[in-house]
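Have a look at the structure below, then the notes.
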Amino acid sequence: MWQNRNGQSLTATVTPRKQGAPGPGRGALGKRSTRLELNRRPGTTSQGILIMSGRTIPCAIGRSGISLRKREGDGATPVARMAFVAVLWRADRVAPPATLLPRRAIRPEDGWCDAAFDPNYNRLIRRPYRKSHEAMSRDDALYDIVVVLDWNCTRRLQGRGSAIFLHLARPGYKPTEGCVAVSIADMRWLLAQAGRRAHLQVRT
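Residue numbering for the sequence shown follows the UniProt record's numbering, starting at 1 and increasing by one per position.
This is the structure we're talking about:
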């Protein structure tokens, strides 16, 4: 799954937590949550409200709001049910998030291809790369913790959008390019709550 043309696979490079390895405590958190729901915040285009385990969390969404017809570069957050695939984080900046999900540290050479019709479109790639892509090691803090969401990945269609992540928000929850963004405190809480089959449901 998610293998690029060079044979690099996200699931191959992410190491799942071993059985018995330290993780978020079950006693304090209780049963794991599998569903995170997103609704647009009334009166706004680019902010939303997340709900998990009865808790509401503010978030930023795409600058164009929520769309049923997501396209590359349109700035919209897609209406979809998207599984949590893996967690990536900047080990040089933040402590690893406590989670049951597969996780790995972001490497300096990591990138994500956003060039439609490239063989590695919407795939993790190794930089330098000849086609359009974004670096996962950013100067700002947005990708200090990132959840890769299964949008247009398992069943990939060219031009339907790439790099739809759950990542950290800018101050004031400024709009994203289509991702969903939360505070670092809320991100850590969400990941500690999330079960292995967790998914994000974006509603109109």
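Beta carbons are placed, not taken as given, at the ideal position from N, Cα and C, and that holds for glycine.
{"query": "To which residues does DSSP link Ala135 through a beta bridge?", "result": "Gly111"}
{"query": "For Pro119, which option in Gly159, Leu149, Pro96, Val94 has the closest C-alpha, if you only look at C-alpha atoms?", "result": "Gly159"}
{"query": "What's the call for Leu88, buried or exposed, on a 16-neighbour Cβ count within 10 Å?", "result": "buried"}
{"query": "Using a threshold of 8 Å, state whether the C-beta atoms of Ile145 and Ile184 are closer than that.", "result": "yes"}
{"query": "Does DSSP classify Ile106 as helix, strand or coil?", "result": "coil"}
{"query": "If we require 4 or more residues per run, which alpha helix (DSSP H) segments fall completely within the UniProt domain \"L,D-TPase catalytic\" (55-194)?", "result": "184-193"}
{"query": "Within 10 angstroms of the Cβ of Leu68, are there 16 or more other Cβ atoms? Answer buried if so, exposed if not.", "result": "exposed"}
{"query": "So the candidates are Ala98, Asp139, Val147; which of them puts its Cα closest to the Cα of Leu36?", "result": "Val147"}
{"query": "Tell me whether Thr34 sits in a helix, a strand or coil according to DSSP, three-state version.", "result": "strand"}
{"query": "Counting Cβ pairs, one atom from each stretch, are 3 or more of them under 8 Å apart for the region 105-116 and the region 177-196?", "result": "no"}
{"query": "With a threshold of 16 other CB atoms inside 10 Å of the CB of Lys174, please say whether the residue is buried or exposed.", "result": "exposed"}
{"query": "To which residues of the same chain is Ser83 closer than 6 Å at the C-beta, ignoring the five residues directly before and after it?", "result": "Here residue 83 turns out to be Ala, not Ser, going by the sequence shown. The answer, listed in chain order, is Asp150, His199."}
{"query": "Under the three-state reduction of DSSP, which class applies to Gly48: helix, strand or coil?", "result": "strand"}
{"query": "What would DSSP say about Arg196, mapped onto helix, strand or coil?", "result": "strand"}
{"query": "Of the choices Lys131, Val180, Val79, whose alpha-carbon is the least far from that of Phe117?", "result": "Lys131"}
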